[in-house]
């Protein structure tokens with residue numbers, strides 16, 4: 036957004052105050068577009084529901100029988116659903132831009148708001164805000180499931196497991212980080228979709244970015260490459276934010292891992308902004 | 002241009018009445034023309050090949066592990082590969098055990114009573130080491146610790162054999178030539194409940210018997226070892242495979258392995274024909290002497306002791322096929338690991354397949370298509386056939402190149418390549434192409450149902466890729482993972498499994514290691530069922546809904 040302000044010399048833009056500025060108008064316009072079709076609402080609802088459902092299923096299926104040592108990161112387990120939720124979030128973010136291209140709406144949008152950076156910034160802000168809201172619900176539901184179910188399955192404080200709850204620092208970090216993670220995945224997807232424009236190719240590219248690296252990591256035995264993949268790929272590094280045990284053995288610290296994902300998202304948005312500005316719609 | 006091609010073979014109103022053969026043939030041609038004339042889709046398929054080969058070869062070329070042998074300098078690559086025997090069937094095998102033997106010429110038999118089997122294994126629980134055992138060893142038997150009698154071609158590791166044995170947890174078994182296993186009497190052996198074992202050679206045929214009392218014998222099985230020489234080795238053995246403990250850990254290594262050893266006590270040993278003055282020799286085949294004593298040395302380095310008619314044999318190792326995973330004690334690599342790129346190829350193919358259908362809606366072409374061919378079921382079928390065939394050919398080319406380039410690279414990574422028969426390798430390659438083809442049909446059906454490419458692609462990719470990820474990376478507990486691999490479309494990837502799962506080998510279920518809970522074809526059938534169900538739903542909806 037600051038990039039937008041610098042490259043657009045219009046003085047009103049730099050203020051960034053809603054109402055009266057181009058970004059403000061763009062935000063209003065994009066918000067109207069988003070809330071007047073049912074797709075985004077369903078996708079947000081779906082992302083939250085799927086995340087909570089998968090997390091609950093994962094938590095419900097895990098038990099720690101008596102007399103066994105269970106090396107389980109209970110917080111990470113409770114947040115398993117994020118692995119699924121991110122795919123739905125990616126669909127939402129991709130469709131926000133690629134639907135406009137497939138229907139030709141983008142030409143109307145740009146005729147009404149020629150400031151392309153403002154349009155993209157508005158889309159990014161709205162998508163991020165909506166995903167943050169849905170993500171907060173999804174993550175809270177997942178943590179709640181872990182909090183309620185895990186103690187009954189043998190993961191008690193008496194056996195050294197911290198209760199999965201937001202009052203425990205690492206869990207709070209993992210939970211809030213997971214919400215940010217989902218928002219960053221949405222921004223990454225948005226950036227890719229602006230570059231690619233076609234919804235099918237965009238979602239394919241995003242899904243490859245999300246899921247390919249963890250699979251590759253499983254197949255590669257080379258320690259150097261493992262380390263590189265763990266440190267620098269968007270989902271593997273980004274999801275370290277969910278780790279609360281064995282932090283010493285991580286290739287990257289949780290917040291730094293989320294930072295790597297933020298770099299990917301920023302890079303994608305930057306590339307998207309550039310492509311959006313340079314190409315004809 | 003597509004419109005013209007569609008219309009050409011079936012001019013106007015005759016379409017409905019045209020015989021099915023020519024009508025469907027024309028449809029296929031029309032759909033094929035649509036496909037090949039969209040440059041992006043053709044590029045997408047080429048991209049699928051390139052990505053699949055690149056990722057597969059990259060994974061194969063970077064699976065390398067280093068090693069350090071006996072404190073020597075660190076090594077990498079082929080220098081790390083241990084000399085490893087191949088069994089009569091050509092498969093890589095473990096063949097290390099303590100062997101107490103005599104030569105046997107011509108036909109004959111051996112009978113022995115096993116009165117006890119005990120063992121110890123590496124302490125994998127992190128508890129304090131118990132005094133009196135080897136370093137870090139605790140008492141206990143592995144499920145497949147073995148002690149019994151054996152007739153073997155010779156003392157060369159990997160040579161043919163047939164054996165009757167008692168096992169740690171699996172009762173009496175007859176096993177031969179590494180891969181074959183037949184159960185005999187159940188239950189553990191003890192002094193109160195000894196087990197009598199007998200092997201009889203008649204030409205190439207060896208028959209195994211067991212008995213609880215040495216009077217009433219039951220035939221367990223018969224082995225035909227073709228090409229068995231006139232003089233073979235006959236005697237008693239003991240061995241015990243590495244102990245593997247699987248724990249549900251998340252994102253980390255969930256399996257721990259360590260050595261174990263087994264000790265069998267035999268008496269009432271008799272050979273027919275009795276060899277006058279025959280002496281028993283003890284050999285640690287394949288370095289399979291007692292564990293924890295160092296190779297061939299240490300206080301208990303001799304594989305057996307004899308007190309009168311009682312023999313006590315101690316050994317470690319295994320007589321079994323080598324399987325992927327920590328159980329074998331070797332770092333192993335399989336043919337299908339060079340096909341890791343199939344996931345990326347799948348994403349590219351699924352994208353093209355979904356677009357192949359949804360693009361018609363976007364451009365309104367669907368109305369032209371349906372005006373030319375009102376038989377909607379036939380249109381969908383033609384599309385499915387065309388995209389399935391294109392995906393199959395694409396996948397086949399990519400899989401052949403991946404294996405041809407990747408497998409030789411795998412051999413240079415310091416790991417034991419688990420070779421498989423040519424037919425199995427062909428099944429892995431063709432199966433990978435078939436999985437991609439069925440996934441393409443699944444995606445096109447989802448495209449017809451959802452009419453949104455993004456949703457169709459996401460469902461197709463996530464249902465195939467994510468269960469693999471969750472189960473393979475231990476993100477969910479192994480029990481849940483196994484059910485995911487049985488029920489979701491991911492099950493189809495089982496067709497890539499090149500090494501069968503042997504019940505007589507403790508192995509860790511992990512799709513990354515090429516182990517699926519379903520057999521290759523059963524897993525593939527699950528994927529086909531998903532595609533068929535989606536296609537069925539697509540037929541119904543496509544006929545009902547307006548275009």
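Residue numbers (the working numbering), protein chains in the order written: chain D, 36 to 316; chain A, 2 to 548.
Yeah, the Cβ is synthetic: ideal placement off N, Cα and C, and Gly gets one too.
Distance from the Cα of residue 220 (chain A) is smallest, within the candidate group A:179, A:236, A:190 and A:173, for A:173.
Residues of chain D with a Cβ closer than 8 Å to the Cβ of residue 363 (chain A) are, in chain order, 137. Ranked by Cα distance from residue 477 (chain A), the options D:69, D:68, D:75 and D:92 are led by D:92. Residue 216 (chain D) places its beta carbon 8 Å or farther from that of residue 94 (chain D).
In the pairwise beta carbon analysis, the stretch 261-274 of chain A is classified as not touching the stretch 334-351 of chain A: fewer than three pairs are separated by under 8 Å.
Going by DSSP, residue 102 (chain A) is part of the beta strand (DSSP E) stretching over 98-106. Close partners of residue 375 (chain A) in chain D (Cβ separation under 7 Å) are lacking, with about 26 Å as the shortest Cβ gap. Not a single CB atom of chain D sits nearer than 8 Å to the CB of residue 413 (chain A). Taken in chain order, the members of the stretch 258-275 of chain D whose beta-carbon sits within less than 7 Å of a beta-carbon on chain A are 260. Annotation: the continuous beta strand (DSSP E) that includes residue 111 (chain A) extends over 109-123. Spatial neighbours of residue 286 (chain A) in its own chain (CB-CB distance under 7 Å, excluding positions within 5 residues in sequence) are listed in chain order as 96, 97, 98, 100, 156 and 158. In this structure, the alpha-carbon of residue 313 (chain D) lies about 10 Å from that of residue 307 (chain D). 474, 476, 477, 478, 480 and 481: these are the residues of the stretch 474-493 of chain A whose beta carbon lies less than 8 Å from some beta carbon of chain D, given in chain order. Fewer than three pairs of CB atoms, one per stretch, sit closer than 8 Å, so the stretch 123-136 of chain D makes no contact with the stretch 260-272 of chain D.
Annotated three-state conformation of residue 415 (chain A) is coil, per DSSP. Here the C-alpha atom of residue 238 (chain A) lies approximately 46 Å from the C-alpha atom of residue 465 (chain A). Taking every protein chain shown into account, the CB of residue 194 (chain D) has fewer than 16 other CB atoms within 10 angstroms, so this residue is exposed. Apart from the 5 residues on each side of it in sequence, residue 450 (chain A) sits with its Cβ closer than 6 Å to the Cβ of 538, 539 and 542 in its chain, given in chain order. Shortest Cα-Cα distance from residue 535 (chain A) to any of A:452, A:508 and A:104 involves A:452.
Ranked by Cα distance from residue 491 (chain A), the first of A:443, A:151 and A:51 is A:443.
With a cutoff of 8 Å on beta-carbon distance, residue 61 (chain A) and residue 338 (chain A) are scored as near each other. Taking 8 Å as the threshold, the shortest C-beta distance from residue 454 (chain A) to chain D falls below it.
The DSSP-derived three-state label of residue 210 (chain A) is strand.
Counting only Cβ-Cβ distances below 8 Å, residue 60 (chain A) has contacts in chain D at 251, 254 and 255, in chain order. Bounds of the beta strand (DSSP E) holding residue 197 (chain A) are 196-203.
Around the beta carbon of residue 424 (chain A), a 10 Å sphere encloses fewer than 16 other beta carbons of the protein chains shown; the residue is thus reported as exposed. Just measuring C-alpha positions, the residue of A:113, A:232, A:181 and A:24 sitting nearest residue 103 (chain A) is A:232.
Between the alpha carbons of residue 198 (chain D) and residue 192 (chain D) lies a distance of about 7 Å. Note that the stretch 456-465 of chain A does not touch the stretch 512-527 of chain A; fewer than 3 beta-carbon pairs, one per stretch, sit closer than 8 Å. Here the stretch 161-177 of chain D makes contact with the stretch 64-82 of chain D; the two share three or more CB pairs at distances below 8 Å. Close to residue 459 (chain A), with beta-carbon spacing below 8 Å, are these residues of chain D in chain order: 122, 123, 125, 126, 238 and 242. In this model, residue 72 (chain D) and residue 180 (chain D) are separated by some 31 Å (Cα to Cα). The criterion of a C-beta distance shorter than 8 Å is not satisfied by residue 132 (chain D) and residue 236 (chain D). Shown here for residue 176 (chain D): same chain residues with a beta carbon closer than 6 Å to its own, the five before and five after excluded, namely 87 in chain order.
Under the criterion of beta carbons closer than 8 Å, residue 208 (chain A) and residue 316 (chain A) do not qualify as touching, at roughly 25 Å.
In this structure, residue 223 (chain D) keeps its C-beta atom at 8 Å or more from the C-beta atom of residue 248 (chain D).
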